[in-house]
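A short write-up of the structure that comes next.
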């Protein structure tokens, strides 16, 4: 039997990643494009189709050896119908059937899911949450995304829209969120809020990377800011822990790189404020698959759907 | 084949209920004792065993025709081992193996679970949430309990301690909760908090029943108080809706009787603040099985464990 492959696609607000993976989820080739440049030049779906064709040709792979295409999208999706309801950070894609359009263009089966769900699936099957059963997975970035594994299976909710940890309110009153909510976790710990607080604190523009290295120096103000972020994340997760009693929480994304202070404060809040039976055996770990988690998750999705 | 029966037991902070049910979950006989009186007079487990023996004898049922005993307890439990970790409102029962003790005394199989989980199971199988798939169930009382059905199955969490909706924080700062948490939902909408707010508002002691009838008159202050309670419950449930994307939320317990104002405000907050894909098709309904939900859930637990 010839070797089989899967194409993984991870669409983000910043980057569009296309990868060729084998059935052991090893990345054999990968291309990264700028989402914004693609949007300016032409239709996004055409760009994705062209990029997929290119990676297939460059690697001289027969179409019959490709199991399918897995696609991670940064917005709420309808898994069965293969469409995206809307993309909060990419205008112009409302109720668009990505799966059908790509399938027609490429003649290959297409599966899609929310990007945070795919990251969660990857960390569960191959990453930091391997061996656990009830898992909550977060990605900290411009948005705060999440995914949930229940009894070893990705839980998507009644309308494929569950897992939105970033949109748990942590106060009755507070900043208005882009989602329409009030005082959502994301309004406090999304990258833009962190940068805004840092600017106020240091009276100049400061990047997340600099904020992280300042904290390591150690700079007291930077440390206090990361600790505050960890505390706020902790309040939302106390609710999640009491509600879902998971055995593992995985935290990934850029801000997770801030490291020790954020995790220390987060663990402190959970061990002090969450209920004892739920928090006693809980593991809180850093994501392990980094930027490739979405691509790997997309490949897992394809393989699990097309049982060989 | 002789007719078979199940014994359901529902232990609450106020009442201890024992019922005889048939396999269609119809209650054939029921006794209600005062939990506090039982505690003063003798050991609680002896009282439960005696009450079970009495209901069996009074109904002239052979022990071989009893499928088992189902027991709902108001605290965190270990289902497999059959023990309760502790009972927040009944002192002196830490890590007590109710199932083993009762089984030894009665010579009948015993299953146990958290009382809110059993209420949830009952409302799902026979009550307000019948036909739904992903359900969140709340009981509003002295404590605010909850249960979760995921993909048609009771979800208990990694340590049988999930579903604690009453212990989701709705603010970063706020009142200290009995559970050790800060600003838990229960500290705002548990019966004692409602009574305290009502006393401040009306400058006298006032019961929940009076507060409900005042609201119907309509008394503006009582209406404003119920609306405030609905709003606070709404904030916690916005988080639950965004996280779990359930298709149905069931609300039961005494306070749910306050009726229209509470539900109206709750629905308003969820439709305005929860994410649109999650809230669009969500049903929010009143529990239908009332005080018998726990007993019926206990019987379902027994029947589902002892498959005939």
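Residue numbers (the working numbering), protein chains in the order written: chain E, 1 to 308; chain Y, 1 to 308. We treat Cβ as the ideally placed atom computed from N, Cα and C, and that holds for glycine. All figures in this text were calculated on a predicted structure; none of them were measured in a lab.
Host beta strand (DSSP E) of residue i (start-end)
{"i": "residue 114/E", "result": "110-114"}
{"i": "residue 158/E", "result": "Taken as a continuous stretch (DSSP letters only), residue 158/E belongs to no beta strand (DSSP E), as it is neither H nor E."}
{"i": "residue 284/E", "result": "283-286"}
{"i": "residue 144/Y", "result": "144-150"}
{"i": "residue 62/E", "result": "Note, residue 62/E: premise wrong, no beta strand (DSSP E); not H, not E."}
{"i": "residue 28/E", "result": "27-34"}
Three-state secondary structure (DSSP) of residue i
{"i": "residue 205/Y", "result": "coil"}
{"i": "residue 139/E", "result": "strand"}
{"i": "residue 19/E", "result": "strand"}
{"i": "residue 171/Y", "result": "coil"}
{"i": "residue 107/E", "result": "coil"}
{"i": "residue 176/Y", "result": "strand"}
{"i": "residue 98/Y", "result": "helix"}
{"i": "residue 247/E", "result": "coil"}
{"i": "residue 132/E", "result": "coil"}
{"i": "residue 68/Y", "result": "strand"}
{"i": "residue 182/E", "result": "strand"}
{"i": "residue 121/E", "result": "helix"}
{"i": "residue 309/Y", "result": "Given that chain Y is displayed from residue 1 to residue 308, the structure contains no residue 309/Y and the question cannot be resolved."}
{"i": "residue 83/Y", "result": "strand"}
Close-in-space but distant-in-sequence residues of the same chain around residue i (CB under 7 Å, 5 per side omitted)
{"i": "residue 222/Y", "result": "211, 214 and 215"}
{"i": "residue 117/E", "result": "147, 154, 156 and 163"}
{"i": "residue 113/Y", "result": "72, 77, 79 and 301"}
{"i": "residue 108/Y", "result": "63, 66, 68 and 69"}
{"i": "residue 199/Y", "result": "205 and 206"}
{"i": "residue 287/E", "result": "123, 127, 128, 250, 251, 252, 256 and 293"}
{"i": "residue 218/Y", "result": "none"}
{"i": "residue 175/Y", "result": "183 and 187"}
{"i": "residue 235/Y", "result": "170 and 269"}
{"i": "residue 10/E", "result": "17, 72, 115, 294, 295 and 298"}
Buried or exposed (CB count within 10 angstroms, at least 16 for buried), residue i
{"i": "residue 74/E", "result": "buried"}
{"i": "residue 167/Y", "result": "buried"}
{"i": "residue 265/E", "result": "buried"}
{"i": "residue 314/E", "result": "Only positions 1 to 308 of chain E appear in the structure, and residue 314/E is not among them; the question remains open."}
{"i": "residue 230/Y", "result": "buried"}
{"i": "residue 158/E", "result": "buried"}
{"i": "residue 115/E", "result": "buried"}
{"i": "residue 111/E", "result": "buried"}
{"i": "residue 92/Y", "result": "exposed"}
{"i": "residue 186/Y", "result": "buried"}
{"i": "residue 88/E", "result": "exposed"}
{"i": "residue 205/E", "result": "exposed"}
{"i": "residue 94/E", "result": "exposed"}
{"i": "residue 152/Y", "result": "exposed"}
{"i": "residue 245/E", "result": "buried"}
{"i": "residue 100/E", "result": "exposed"}
Close Cβ partners of residue i (< 6 Å) along its chain, the five nearest in sequence each way excluded
{"i": "residue 32/Y", "result": "15 and 17"}
{"i": "residue 124/Y", "result": "135 and 149"}
{"i": "residue 30/E", "result": "19"}
Residue i: CB within 8 Å of a non-hydrogen atom of the ligand COA
{"i": "residue 258/Y", "result": "Looking at this structure, you won't find the ligand COA or any other ligand, since it has none at all."}
Beta-carbon contacts of residue i that lie in its chain and below 8 Å, excluding the five residues immediately before and after
{"i": "residue 275/E", "result": "241 and 242"}
{"i": "residue 194/E", "result": "208, 211, 225, 229 and 255"}
{"i": "residue 12/Y", "result": "35, 74, 115 and 294"}
{"i": "residue 262/Y", "result": "226, 227, 229, 230, 233, 255 and 256"}
{"i": "residue 141/E", "result": "190, 191, 253, 254 and 255"}
{"i": "residue 61/Y", "result": "5 and 20"}
{"i": "residue 279/E", "result": "241, 270 and 271"}
First through last residue of the alpha helix (DSSP H) which encompasses residue i
{"i": "residue 229/E", "result": "220-244"}
{"i": "residue 11/Y", "result": "Unbroken run through residue 11/Y is the beta strand (DSSP E), 5-11; no alpha helix (DSSP H)."}
{"i": "residue 269/E", "result": "260-273"}
{"i": "residue 303/E", "result": "293-305"}
{"i": "residue 255/Y", "result": "Taken as a continuous stretch (DSSP letters only), residue 255/Y belongs to no alpha helix (DSSP H), as it is neither H nor E."}
Near-chain Y residues of the segment 134-157 of chain E - C-beta to any C-beta below 7 Å: 134, 150, 155 and 157
Residues within the segment 175-199 of chain Y neighbouring chain E, beta-carbon criterion of under 7 Å: 179, 180, 181 and 182
Contact list for the segment 244-274 of chain Y against chain E, Cβ threshold 8 Å: 244, 245, 246, 247, 272, 273 and 274
Members of the segment 65-88 of chain Y that neighbour chain E once the beta carbon cut-off is set at 8 Å: 76 and 85
Using a Cβ-Cβ cut-off of less than 8 Å, give me the residues of the segment 161-176 of chain Y that come near chain E, in sequence order. 161, 162, 163, 164, 165, 167, 168, 169, 170, 171 and 172
Would you list, in chain order, the members of the segment 212-236 of chain E that have their beta-carbon closer than 9 Å to a beta-carbon of chain Y? 231, 232, 235 and 236
Taking Cβ-Cβ distances below 7 Å as the criterion, which residues of the segment 112-132 of chain Y are in contact with chain E? none
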